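Going letter by letter, the sequence shown gives residues 0 to 157 in numbering that gives the first Met the number 0. The beta-carbon is built from N, C-alpha and C at its ideal position, and this holds for glycine as well. Just so we're clear, the structure is a prediction, and the values are computed from it rather than from any experiment. For reference, the structure discussed in these notes is given below.
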Amino acid sequence: MATSLKSLSEYSENNIVDMSNKKFGIVVSEWNDEITSALFGGALETLLKYGVKKENIFKKEVPGSFELTLGAQWLAELEEIDAVICLGCVIQGETRHFDFICDAVAHGITNVGLKYNKPVIFGVLTPDTMQQALDRAGGKHGNKGDEAAITAVKMLGF
Ligand code: DLZ
0 MATSLKSLSE
10 YSENNIVDMS
20 NKKFGIVVSE
30 WNDEITSALF
40 GGALETLLKY
50 GVKKENIFKK
60 EVPGSFELTL
70 GAQWLAELEE
80 IDAVICLGCV
90 IQGETRHFDF
100 ICDAVAHGIT
110 NVGLKYNKPV
120 IFGVLTPDTM
130 QQALDRAGGK
140 HGNKGDEAAI
150 TAVKMLGF
C-alpha cells in the first residue's frame, strides 16, 4: 500500500479518515496469554470504536513473540490487509533470552512493514515483572493494545 494523498473531505469532524473499509490483521502471541488476550481485547475494542467493521478484523495466533514476525508477514503479504498489529509480552525477569527475542521481533516487524509498505505495529510489552505487564494490559497504566490500535489507525490516516 503506497501512501495516497487524502483531501480534507476524507476526514471526519474528529480528523479521522473513514476506517469502515480498512482491513486489519492482528497477530497475538500465546505466551503470557493472560496479558496478550487483554491486549487483544483492548486493540479490538479500539478498532471498533474508530469505525472498523468486525468482519474486517483478522486474528492470527502464534506460539510466542518470536513468531510474531512471521505471523505479521503472512498477514501483510495479503493484498487486502491494510495494517497489521503485533501483540506480545516478553517478561525480562522470566526470560533468559529476553534480549534476543525483543531484538528479533523489533527488527523483524520493522522489516515486514518496510517490505510490504504497510503499517506493522509493535504492540509488544517488554516489562521486568508480571505486575508491570498487568499494569499495561488494562491496569493502572492503561492498555497498550489500545495504543497499538490507535497507532495503526493513525498510520492509515496519513
Ligand atoms: C521461550 C520463551 C520464553 C522463555 N519466554 C517468552 C516470553 O516471555 N514471551 C514470549 O512471547 N515468548 C517467550 N518464549 C517463546 C519464544 O517467543 C518462542 O516462541 C520460542 O523461542 C520458539 O521459537
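What does DSSP give as the partner residue(s) for residue i in the beta ladder?
i	result
C85	V26, F121
V61	S28
I56	F23
N142	A136
Is the beta carbon of residue i less than 9 Å from the beta carbon of residue j?
i	j	result
C101	V123	yes
A147	I80	no
L86	L155	no
V152	T45	yes
V26	K59	yes
S19	V61	no
Compare the Cα-Cα distances from residue i to each of the options and report the closest residue.
i	options	result
K53	V61, K59, L43	L43
E66	I108, I56, D81	I108
G92	S36, M129, M154	M129
I90	I149, W30, F57, N110	W30
H106	V61, K153, Q72, I56	Q72
E78	D127, H96, K21	K21
I149	L133, F121, G138, D127	F121
D32	L133, I56, K139, G138	L133
G70	C88, S28, K139, H140	S28
C88	K139, D17, P126	P126
Using C-beta distances below 6 Å, list every residue in its chain close to residue i, excluding the 5 sequence neighbours before and after it, in chain order.
i	result
R135	L124, K143
G41	N142, G144, D145
Q131	none
H140	D134
G137	A37
Spatial neighbours of residue i within its chain, please: CB distance less than 8 Å, with the 5 preceding and 5 following residues excluded, ordered by chain position.
i	result
A75	G24, V83, V111, G112, K114, Y115, K117, V119
A103	F65, T68
G63	S28, E29, W30, G87, I100
F57	K22, F23, G24, I25, L74, I80
For ligand 3, any of its heavy atoms closer than 8 Å to the Cβ of residue i?
i	result
R135	No copy of ligand 3 occurs in the structure displayed; its ligands are ligand 1 alone.
In chain order, what residues of the same chain have a beta carbon less than 7 Å from the beta carbon of residue i, not counting five sequence neighbours either side?
i	result
N55	K21, K22, F23
F97	V89, Q91
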